[in-house]
Ligand SMILES: [Fe+2]
């Protein structure tokens, strides 16, 4: 599932997606044969990918991981970092952050991404 979202002028954003679940990397082919010869987990913890960009700033590709989820300590691609582990707060049915009314429980995740200014933008400001 992919989506393209734009932040507001103040940088705030709201997105709606489905709650992620843990999954296995493909275990067929050469990687599968290699993995089966190790005791390394082939699982990825639940996460949401982000590819962020803004004019004048360095782009950022990252994930957010669900605090308390399985496989955080054994992510097969070693992508988990403590600052990227976030709370998925379960909310009752009602008004969602998107403004719509949701008839089922949902999770709310809050995270402020901070992009670095491009070097040329910093140099021009000096
Ligand atoms: Fe993924």
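Residue numbers (my numbering): 25 to 150.
From the three backbone atoms N, C-alpha and C, an ideal C-beta is built for every residue, glycine too.
From a predicted model like this one, the values you see are computed outputs, not experimental measurements.
Mapping DSSP to helix, strand and coil, what is residue i?
{"i": "residue 93", "result": "coil"}
{"i": "residue 62", "result": "coil"}
{"i": "residue 212", "result": "A question about residue 212 goes unanswered here, because the residues of the chain that appear run from 25 up to 150."}
Here's a check: name, in chain order, each residue in its chain whose Cβ is nearer than 6 angstroms to the Cβ of residue i, leaving out the five neighbours to either side.
{"i": "residue 67", "result": "46, 48, 95"}
In whole angstroms, give me the CA-to-CA distance for residue i and residue j.
{"i": "residue 129", "j": "residue 37", "result": "21 angstroms"}
{"i": "residue 50", "j": "residue 102", "result": "16 angstroms"}
{"i": "residue 136", "j": "residue 88", "result": "11 angstroms"}
{"i": "residue 159", "j": "residue 110", "result": "The first residue shown for the chain is 25 and the last is 150, placing residue 159 beyond what the model contains."}
{"i": "residue 42", "j": "residue 35", "result": "22 angstroms"}
Is residue j closer than 8 angstroms to residue i when the C-beta atoms are compared?
{"i": "residue 39", "j": "residue 27", "result": "yes"}
{"i": "residue 70", "j": "residue 93", "result": "yes"}
{"i": "residue 140", "j": "residue 82", "result": "yes"}
{"i": "residue 117", "j": "residue 104", "result": "no"}
{"i": "residue 86", "j": "residue 108", "result": "yes"}
Ordered along the chain, which non-local residues of its own chain (more than five positions away) have a Cβ less than 7 angstroms from that of residue i?
{"i": "residue 119", "result": "125"}
{"i": "residue 73", "result": "87"}
The beta strand (DSSP E) that contains residue i, what's its start and end?
{"i": "residue 72", "result": "71 to 76"}
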